[in-house]
Amino acid sequence: MPLKAEQPTAAPQRRPPAPEPSGPASSKKQKREMRMPTRMDQGLADALSDLTPETYLPHLMSKGGEHLVFEFDDPKHRNIVYKINFYQTVPFLKYDLRNIHERAAAEKNLQNAMEMQKNRLTILRDYFGYHAVPAQHLMVRDIPVSKAVIRRLDPTVLDAVTDLPDTVPAWVAVQRRLQFPEGDVVSLNGYYPESPTALLDPKDEDAQEVYDEAHDFLVGRGFTRKTREDELLLAFNMYRNLEQVWDRMSGDAAFASKLKETVKQLVAFTNETGMVLDVAGRNNLVLLKKDGEWTLKLPDALLPDDRLNMRQLERAAGKLETGSKLDSLDLSYVMNCLNTVRYINALAIVAGIPDRVNVPGVKDVPASRWRGEMSRIHW
1 MPLKAEQPTA APQRRPPAPE PSGPASSKKQ KREMRMPTRM DQGLADALSD LTPETYLPHL
61 MSKGGEHLVF EFDDPKHRNI VYKINFYQTV PFLKYDLRNI HERAAAEKNL QNAMEMQKNR
121 LTILRDYFGY HAVPAQHLMV RDIPVSKAVI RRLDPTVLDA VTDLPDTVPA WVAVQRRLQF
181 PEGDVVSLNG YYPESPTALL DPKDEDAQEV YDEAHDFLVG RGFTRKTRED ELLLAFNMYR
241 NLEQVWDRMS GDAAFASKLK ETVKQLVAFT NETGMVLDVA GRNNLVLLKK DGEWTLKLPD
301 ALLPDDRLNM RQLERAAGKL ETGSKLDSLD LSYVMNCLNT VRYINALAIV AGIPDRVNVP
361 GVKDVPASRW RGEMSRIHW
């Protein structure tokens, strides 16, 4: 398969019981329905049998947070895309893939990681419903290597590897292209406030006090002012695009109702599973209006590393409490975990519900310490 690169009121203070509707406690009948084959599944099966290397040439369409996305010339399957997970694939370019043992080890590692991802997708569907999580076919497949594709994956590889292999085993996901109706889709995403491109830069001395107050409030460390306006201001200070969510909520009662339901699910899912949702990427979690009703879609809600979970954030908080520094692996986990906790809690403030994500130990570490550690990340 050759790859060709193209040129409202104050929230109550008492926490209610965990929400019931969409968690693992759903009825057996509902779970059976969510696991039944759908026409989308059959469509993917047809595409996989039709789109062979001898028939249609995939074209590089875009690069996302963790994927290269390819589309096909075939008019019958123009709504099917291939996504190559480059975080899982790039390391194998530095293997000696001409050595049969190293190639076998690479393929086994990919296969194990992919099976873990399948299990996590099943958990996600059990919480949010099959309709919310698009069907995917995950597979390990050898893909041809070209300098153009590698340049899009990771340009540093071209400096480190002088003799590129002909092919590399890759984690490939096949799914339908998602069409978002213009004006009737709201992306629930918040990019890392610590990044150099963020509006709120914690390296700016004038912004540090604002950052620290917002961070502490969002992780439950404490807050003296109690007005709804003050709470919203802190949420907006950390995630400016939440003002757009607030504006939509204020003018659309149906959207406000669906947002409340969704945020309760997000909080319960995170607290009960410890899994980390990828809230940094645009359109990874969306509310869209279809046939007059708002519905939740999670097209790319899970990060591909199964080791990334809230236990890593709890361990990092423990290290900081004892005065230790975080290593580079800790920081890679913390940046995603901490962002997920704060963003979902900020969404809860906007939605006006008391439910919160709570990771033990996180609120015991002052914002200034988290900020100092995050400033060491090489973005």
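Numbering (UniProt numbering), first residue to last: 1 to 379.
A virtual CB, placed ideally from N, CA and C, is assigned to each residue, including glycine.
These numbers come from a predicted model, not from an experiment.
Per DSSP, which one or two residues make a beta bridge with residue i?
i, result
"Pro144", "Thr167"
"Lys297", "Val286"
"Leu338", "In DSSP, Leu338 forms no bridge with anything."
"Val174", "Tyr82 and His137"
"Ser187", "Val286"
"Asn309", "Met275"
Which of the three DSSP states, helix, strand or coil, is assigned to residue i?
i, result
"Glu182", "coil"
"Trp379", "coil"
"Lys83", "strand"
"Leu303", "coil"
"Val365", "coil"
"Tyr102", "Note that residue 102 corresponds to Glu in the displayed sequence, not to Tyr. Here Glu102 sits in helix by DSSP."
"Pro69", "Looking at the sequence shown, residue 69 is not Pro but Val. Val69: strand per DSSP, three-state reduction."
"Asn271", "helix"
"Leu277", "strand"
"Ile123", "helix"
"Ala317", "helix"
"Asn109", "helix"
"Ala253", "helix"
"Asn345", "helix"
"Ser324", "coil"
"Gly352", "coil"
"Thr197", "coil"
"Tyr192", "coil"
"His77", "helix"
"Ala132", "coil"
"Asp159", "helix"
"Val359", "coil"
"Asp291", "coil"
"Asp330", "helix"
"Asp206", "helix"
Going by other Cβ atoms of all chains shown within 10 Å of its Cβ, with 16 needed for buried, is residue i buried or exposed?
i, result
"Gly251", "exposed"
"Ser324", "exposed"
"Glu115", "exposed"
"Arg103", "buried"
"Gln136", "buried"
"Glu205", "exposed"
"Asp355", "buried"
"Gly352", "buried"
"Gln265", "buried"
"Ile100", "exposed"
"Gly129", "buried"
"Gln244", "exposed"
"Glu272", "exposed"
"Pro169", "buried"
"Glu373", "buried"
"Asp166", "exposed"
"Trp379", "exposed"
Does the segment 256 to 268 come within contact of the segment 284 to 295, defined as at least 3 CB pairs closer than 8 Å?
Cβ pair count under 8 Å is three or more, so yes.
Contact between the segment 176 to 188 and the segment 355 to 373 (3+ Cβ pairs under 8 Å) = Using a C-beta cut-off of 8 Å, the segment 176 to 188 makes no contact with the segment 355 to 373, since fewer than three inter-stretch Cβ pairs fall below that distance.
Could you tell me whether the segment 202 to 222 touches the segment 258 to 274, where touching means 3 or more Cβ pairs closer than 8 Å? Fewer than three Cβ pairs drawn from the segment 202 to 222 and the segment 258 to 274 lie within less than 8 Å of each other, which leaves the two stretches out of contact.
**Asked** Taking three-plus beta-carbon pairs below 8 Å as touching, is the segment 333 to 346 in contact with the segment 134 to 149?
**Response** As far as the Cβ criterion goes, the segment 333 to 346 does not touch the segment 134 to 149, which means the pair count is below three.
Between the segment 339 to 354 and the segment 121 to 139, are three or more C-beta pairs nearer than 8 Å? Contact fails: fewer than three Cβ-Cβ distances are below 8 Å.
(request) Examine the Cβ distances between the segment 229 to 247 and the segment 340 to 359 and report whether three or more of them are shorter than 8 Å. (result) The count of Cβ pairs closer than 8 Å, one atom from the segment 229 to 247 and one from the segment 340 to 359, reaches three, so the stretches are in contact.
Exercise. Do the segment 277 to 287 and the segment 309 to 325 meet, that is, are 3 or more Cβ pairs less than 8 Å apart?
Worked result: No: the two stretches stay apart, fewer than three of their Cβ pairs being nearer than 8 Å.
- Query: What are the start and end residues of each continuous alpha helix (DSSP H) run of 4 or more residues lying completely inside the segment 213 to 249, in chain order?
  - Reply: Whole alpha helix (DSSP H) segments, 4+ residues: 228 to 238.
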